[in-house]
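In what follows, a single structure is set out as structure tokens and then discussed.
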Amino acid sequence: MITAKGNMTILIISAVLLLFAGVLIANNYNSQIELRQASIDQLHQSLEKQAMTIGYFFQERGNDLKNLSKNRSVSAYFENLALGMTMEYGLKSSLNNITREFDLFQQEKQVGGKTLYSRIVLIDKTGTLISASGSSREDDRLRDWKSLQSPQADEPHLVEAVNNNIWEIIISLPYFFKGEYAGQILAWLYPDVPSEYFLISGGKTDHQITGLLCGAGHLHLGPGSPAWASAIKGEDLKGMENNSFSKYPPSGDAGQTKPLFVMKTSVPSTPFSLVSFMDHSSVMGRESPSHLLFAMGLFTAVVLAVTIILFKANTRNLILRTRIAEADKGRREIEEKNLQLQREISERQQAEEKNKKLADQLVQAQKMKAIGLMAGGVAHDLNNILSGLINYPELLLLQLPKDSELREIASEIKDTGKRAAAVVADLLTVARGIASVKEITNLNVLVTDYLNSPEHKQLRAHYPGVVCRTELAADLGNISCSRVHIKKCLMNMVTNGAEAVHKSGEILISTRNKLVQGEEQNLAKGEYVVLAVRDSGPGISENDISRIFEPFYTKKVMGRSGTGLGLSVVWNTVQEHGGAIQVESSETGTVLELYFPVTREAYVGEEEFTLGQETLKGHGELVLVVDDERLQRDIASRLLTILGYRVETAASGEDAVAFMKKHDADLLLLDMIMEPGINGRETYEQILTLHPDQKAVIVSGFSQNSEVEKMQDIGTCLFIRKPYTLAQLGKAAREILAAA
């Protein structure tokens with residue numbers, strides 16, 4: 000009985016202990032399952048947040064391209080193309096502007112100190128590459144650009160491509176001009192940027208790595224990935240559904256199988272997926288419940304075995320909790336990166352506001368350039384016409400007796416031509432073609448010269464109630480400038496101020512030094528001098544202030560108060576001198592400030608040059624006059640004959656080359672623009688092959704440009720602008736003939 004009772008007691012106690020142990024183990028197993036599921040859910044949420052962050056990153060890149068497409072340089076190109084411009088007249092300049100904007104955009108766009116874009120290109124609707132950032136590439140001509148077009152799309156989108164076995168991530172945006180598909184803007188992302196900046200791999204352990212999987216099967220892993228990650232193949236994951244998890248068994252470095260837990264989720268608005276790899280046992284634990292039976296058997300033999308099993312189970316729970324804590328830490332790191340990204344977005348928005356202001360300035364500059372091209376063409380034609388009004392009266396004055404009644408009429412015609420030429424000079428200034436020599440001078444000297452000039456005295460007589468004061472800095476720096484044009488800027492600003500004040504008030508002319516330490520008023524860092532003209536007039540309205548520098552835009556009566564070119568001359572002169580203009584206006588008056596870069600060269604004063612008539616004359620040298628205008632050939636021939644030269648003429652570049660094949664000439668008087676046929680530079684290059692030491696005087700209705708500079712690089716040349724006087728032509732001829 001005792002034994003039976005003892006056995007029964009033992010059996011009961013054993014059964015109770017086994018039941019208790021079974022309940023504990025079953026509860027522990029359920030706890031593991033719940034913790035495992037919680038861990039998976041936590042990891043999945045963390046991966047989705049990371050995927051959303053990357054998706055937002057790519058969405059922002061699409062916004063980058065939208066902003067780039069709004070750049071005025073791109074639309075200006077298609078406008079010029081629609082107008083039928085050629086590469087020589089407008090299109091080449093537009094493409095250069097697009098390339099500069101693409102280069103600047105590529106340099107500025109960074110995340111975490113890394114440049115985002117490796118290249119930006121523009122292709123037209125025919126699939127032809129027309130502009131690209133950086134230097135040209137050899138494989139551009141082999142690439143099928145047409146395959147990258149998407150005329151049916153209306154939003155930026157991601158494109159995957161493989162070029163020369165290199166995986167590419169391309170942000171693609173169709174460009175529409177006047178509602179029709181005109182081309183495609185493509186931006187290549189550095190593939191390593193999203194993986195290095197957004198993918199968390201490694202860390203303190205090598206249990207978890209994260210990768211970006213593209214549709215073609217390319218897998219980009221984050222930095223710090225362990226060595227065993229090299230065995231993972233993206234092709235194996237292509238068939239795996241998004242928002243799912245499974246096992247993955249690649250071969251380890253030692254040929255052993257390393258079981259992995261892989262989780263995959265889609266990156267919103269992209270063809271990519273985000274995959275995360277972890278050690279399978281660290282997440283899932285042991286999936287088979289056979290260890291429970293083994294534990295129960297051991298527990299019937301010894302309670303210590305049950306304690307050990309429970310301790311091991313509790314240890315596994317602790318590991319799972321540690322994994323959850325690590326996942327939570329990863330989530331917090333992602334949230335911190337999100338906060339950092341939000342700060343960067345805020346900074347980008349501020350930068351966009353600043354860029355908008357710069358874009359407005361660029362639009363104004365492009366508008367001025369377009370109007371300037373028109374003004375330059377008009378000026379060229381007028382200069383050819385005005386040559387007759389200046390030179391023929393000059394020829395008459397040389398032949399008329401001093402007591403002739405016609406001398407006064409001829410002088411008036413000549414002076415009228417000079418005044419008209421001055422207006423044309425203003426047009427050339429508007430066209431950004433200032434034909435002048437820059438000299439070292441001081442603004443204080445130019446202000447003093449203007450205040451003592453007849454023009455200023457006449458202005459004071461016309462507006463007796465306007466007081467003009469000066470505040471000139473004693474230590475003002477020197478500048479390199481065209482004295483004539485700076486004086487004209489000052490005269491135009493003072494005249495505008497006097498007309499604004501009208502009856503009574505004050506005009507203040509001031510100068511000062513200005514040190515620009517950061518980006519300010521679209522000026523580079525450096526030292527500047529400022530010329531300011533302030534008036535006490537009623538100010539300029541908001542509707543007018545943005546247009547005051549446009550040619551022919553004036554509130555005055557044209558022909559009576561001015562030509563409408565005054566402030567256009569000011570604006571273009573400042574641009575040619577590498578400066579900037581600041582305008583402020585209110586009901587109490589207006590101030591215009593002109594910024595000019597300082598030079599360290601010393602100012603030596605302005606020298607006057609006089610040259611006697613006899614020293615201008617030639618000694619029977621032969622001059623070949625080459626000009627497509629009959630009037631210009633006639634004028635040049637008459638002037639050169641009076642100066643003592645023998646003259647031959649040619650009506651085109653081809654005629655000049657034919658003449659020089661059979662004859663020699665001491666000097667060429669060569670027009671730059673001749674149509675149809677070869678221009679002045681091409682004519683000179685062909686003549687140099689016949690006469691390598693040929694000297695030439697270049698003439699043009701435009702100002703000195705790159706074509707003239709090319710001629711001066713290859714031969715002995717001087718440049719004078721139409722209309723020229725007898726003295727200017729004689730001086731140029733003697734100077735070039737005397738050159739070694």
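Residues in the sequence shown are numbered consecutively from 0, following numbering that gives the first Met the number 0.
Cβ atoms here follow ideal geometry from the backbone N, Cα and C, with glycine treated the same way.
Computed from a prediction, not measured in an experiment: that's the story for all the values here.
Assigned with DSSP and collapsed to three states, residue 737 falls in helix.
The three-state reading of DSSP puts residue 412 in helix, counting H, G and I together. Taking one beta carbon from each stretch, the segment 462 to 474 and the segment 446 to 454 have 3 or more pairs nearer than 8 Å; the two touch.
The DSSP-derived three-state label of residue 93 is helix.
Contact between the segment 153 to 172 and the segment 73 to 81 is not established, with fewer than three Cβ pairs separated by less than 8 Å.
Between residue 224 and residue 211, the gap from beta carbon to beta carbon reaches 7 Å or more. Measuring C-alpha to C-alpha distances from residue 71 to each of 147, 622, 176, 670 identifies 176 as the nearest.
Nearest neighbour of residue 477 by Cα position, chosen from 67, 596, 731, 674, turns out to be 596. For residue 238 and residue 263, the gap between their C-alpha atoms comes out near 11 Å. Contact between residue 479 and residue 598 is confirmed by a C-beta separation of about 5 Å, below the 8 Å threshold.
Between residue 707 and residue 719, the CB-CB gap reaches or exceeds 7 Å. A residue is called buried once 16 or more other Cβ atoms fall within 10 Å of its Cβ, and residue 732 is buried on that count.
In the structure shown, residue 708 falls within a helical segment according to DSSP collapsed to helix, strand and coil.
Looking from the CA of residue 600, the closest CA among 439, 590, 124, 108 belongs to 439.
The DSSP-derived three-state label of residue 61 is helix. As for any beta strand (DSSP E) of minimum length 3 sitting wholly inside the segment 132 to 217, the runs are 156 to 162, 165 to 176, 179 to 188, 207 to 212, ordered along the chain. Secondary structure at residue 461: helix, using DSSP grouped into helix, strand and coil. The Cβ-Cβ distance between residue 483 and residue 508 does not fall below 7 Å.
In this structure, 59 is the residue among 59, 92, 149, 265 with its C-alpha nearest to the C-alpha of residue 188.
Straight through space, the alpha carbons of residue 639 and residue 526 are spaced by roughly 48 Å. For residue 513, the enclosing beta strand (DSSP E) stretches over residues 504 to 515. Following the DSSP letters along the chain, one finds residue 118 in no alpha helix (DSSP H) but inside the beta strand (DSSP E) bounded by residues 116 to 123. The residue among 209, 74, 121, 186 with its C-alpha nearest the C-alpha of residue 42 is 209.
Under DSSP, residue 478 forms a beta bridge with 440.
DSSP places residue 693 outside both helix and strand once states are collapsed to three, so it counts as coil. Distance from the CA atom of residue 730 to the CA atom of residue 485, rounded to whole angstroms, is 25 Å.
If you check the CB distance, residue 266 and residue 579 do not come in under 7 Å. Within the same chain, Cβ atoms closer than 8 Å to the Cβ of residue 636 are found at 624, 646, 648, the five residues on either side in sequence being excluded. The Cβ atoms of residue 110 and residue 180 lie no closer than 7 Å to each other.
Looking only at 40, 178, 128, the smallest Cα-Cα distance to residue 141 is reached by 128.
In the three-state DSSP reduction, residue 569 falls in the helix class (H, G or I). Residue environment analysis places residue 130 among the buried positions, since at least 16 neighbouring C-beta atoms fall within 10 angstroms of its C-beta. Note on geometry: alpha-carbon atoms of residue 183 and residue 171 lie some 7 Å from one another. The three-state secondary structure of residue 713, taken from DSSP, is helix.
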